[in-house]
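What follows is a single structure, written as structure tokens, with notes after it.
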Amino acid sequence: MRSLRKADVAIIGGSGLEALIKDMEQIRVGTPYGLPSPISIGEIGGKRVAFLLRHGLRHSIPPHKVNYRANIYVLFEMGVKRIVATNAVGAINGDFKPGDLVVPHDLIDFTKLRQLTFYDDAPVTHVDVSQPFCPEVRSLLIRTIKERCTQVWNRAVLVCTEGPRFETPAEIEMFRRLGCDVVGMTVAPEAVLARELEMCYATICFVSNMAAGIQQRLTAQEVAEMAKEKMPVIEQILRETIAHLPEGRRCPCSHALKDARFRG
Ligand code: HPA
55 MRSLRKADVA IIGGSGLEAL IKDMEQIRVG TPYGLPSPIS IGEIGGKRVA
105 FLLRHGLRHS IPPHKVNYRA NIYVLFEMGV KRIVATNAVG AINGDFKPGD
155 LVVPHDLIDF TKLRQLTFYD DAPVTHVDVS QPFCPEVRSL LIRTIKERCT
205 QVWNRAVLVC TEGPRFETPA EIEMFRRLGC DVVGMTVAPE AVLARELEMC
255 YATICFVSNM AAGIQQRLTA QEVAEMAKEK MPVIEQILRE TIAHLPEGRR
305 CPCSHALKDA RFRG
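Start counting the sequence shown at 55; every next residue gets the next number (the numbering used here).
Shown next as structure tokens:
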């Protein structure tokens, strides 16, 4: 790829992170999968960091239209080995409350229409997602949050829905019975695509609302307002986590393709 700037780590920012890169130079570069969301490059603790705005500069790309493959592929081409993401979620688990921070450990993909893999052709590739989020990045995120004396849910099952509508109460009740704690619209297939290219991925989520049927009515406005409120602390947590990431990787993500190819 032509003069693509290199980075070690990436932040994929969801709702609210637009402010983080608003004064930085934007990179727009094509991939075999189409155009990714806008990216800027900065530095944190001596590491080169790519900031990717999942929903675009003015929050114009809805969750089901995000080009997840282009986003992950461009970061891969830039040399990024680790991704720390942020996501807004609704709480299904009644113990979780708006404003809480959550670092999910598992994922249920309920999306319907998305391009979900880089491996559409031979060799048939089945990547292992026994731990869908990088255990090393997760534990560093959790440690960083705890050091700031901020509350965090350090285990949670996240269900990803297709959107862009919010869920019905019956869907949320189904997800609750399936053991889901929080619901969002953007972690899948983002996390899985990163694993398919052996990149680490973990996310820090903030609860913006109780899920449908638990509270009376859901609005995009309350998601945006909570994003604005939580972003300063999340930005700080992201900075500290990235600064403390060790050089080498000792997690399974770095060799996710080992033995993943089908040899019939
Ligand atoms: N459902 C899906 N995605 C969300 C929600 C929700 O209730 N809140 C924030 N993102």
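Quick reminder that beta carbons are idealized off the backbone N, C-alpha and C, glycines included.
Would you say the beta carbon of residue i is closer than 7 Å to some non-hydrogen atom of the ligand HPA?
| i | result |
| --- | --- |
| residue 237 | yes |
| residue 277 | yes |
| residue 142 | yes |
| residue 283 | no |
| residue 310 | no |
| residue 215 | yes |
| residue 265 | yes |
| residue 272 | yes |
| residue 221 | yes |
| residue 262 | yes |
What does a CB cutoff of less than 6 Å around residue i pick up in its chain, not counting 5 residues either side in sequence?
| i | result |
| --- | --- |
| residue 211 | 160, 233, 234, 235 |
| residue 250 | 172, 181 |
| residue 87 | 123, 124, 127 |
Go through its chain and collect everything with a Cβ distance to residue i's Cβ below 8 Å, but skip five positions before and after it.
| i | result |
| --- | --- |
| residue 56 | Caution is warranted here: a pLDDT of 45 is assigned to residue 56, below 50, making its placement in the model unreliable, and the coordinate value is therefore given only provisionally. Once the five neighbours on either side are set aside, the close Cβ partners of residue 56 are 83. |
| residue 218 | 116, 117, 118, 239 |
Against chain C, with Cβ distances strictly below 8 Å, would residue i count as a contact?
| i | result |
| --- | --- |
| residue 301 | Absent from the structure is chain C; it holds one protein chain and no more. |
Along the chain, where does the alpha helix (DSSP H) containing residue i start, and where does it finish?
| i | result |
| --- | --- |
| residue 247 | 244-250 |
Is residue i near the ligand MN, in the sense that its beta carbon is under 7 Å from a heavy atom of that ligand?
| i | result |
| --- | --- |
| residue 187 | As far as ligands go, the structure on display features the ligand HPA and does not contain the ligand MN. |
Return yes when the Cβ of residue j is within less than 8 Å of the Cβ of residue i, no when it is not.
| i | j | result |
| --- | --- | --- |
| residue 117 | residue 240 | yes |
| residue 195 | residue 246 | no |
| residue 106 | residue 125 | yes |
| residue 261 | residue 237 | no |
| residue 99 | residue 297 | yes |
| residue 101 | residue 63 | yes |
| residue 259 | residue 103 | no |
| residue 121 | residue 90 | yes |
Just curious, the beta strand (DSSP E) that residue i is in, first and last residue?
| i | result |
| --- | --- |
| residue 321 | In this structure the chain extends from 55 to 318, so residue 321 is not present and cannot be described. |
| residue 97 | 93-98 |
| residue 211 | 211-215 |
| residue 262 | 254-264 |
| residue 63 | 63-67 |
| residue 237 | 236-238 |
Go through its chain and collect everything with a Cβ distance to residue i's Cβ below 7 Å, but skip five positions before and after it.
| i | result |
| --- | --- |
| residue 242 | 161, 163, 165, 214 |
| residue 191 | 136, 138, 254, 256 |
Problem - Contact between the stretch 161-170 and the stretch 282-294 (3+ Cβ pairs under 8 Å) - result: With a cut-off of 8 Å, the stretch 282-294 and the stretch 161-170 do not count as touching, because too few Cβ pairs lie within range.
Practice task
Could you tell me whether the stretch 277-284 touches the stretch 179-188, where touching means 3 or more Cβ pairs closer than 8 Å?
Solution key: No: fewer than three Cβ pairs fall under 8 Å.
Handout entry: contact_flag[the stretch 302-309, the stretch 262-273] where n(CB pairs < 8 Å) is 3 or more
Key = Touching, no, given that fewer than three Cβ pairs across the two stretches are closer than 8 Å.
Problem - Segment contact flag, the stretch 135-149 with the stretch 82-96, C-beta cutoff 8 Å, min 3 pairs - result: For the pair of segments examined, the stretch 135-149 was found not to touch the stretch 82-96: the number of CB pairs separated by less than 8 Å stays below three.
Exercise for the section: Would you check if the stretch 219-233 and the stretch 196-209 touch, i.e. whether three or more CB-CB distances between them fall below 8 Å? Expected result: Flag = no, the stretch 196-209 and the stretch 219-233 do not touch.
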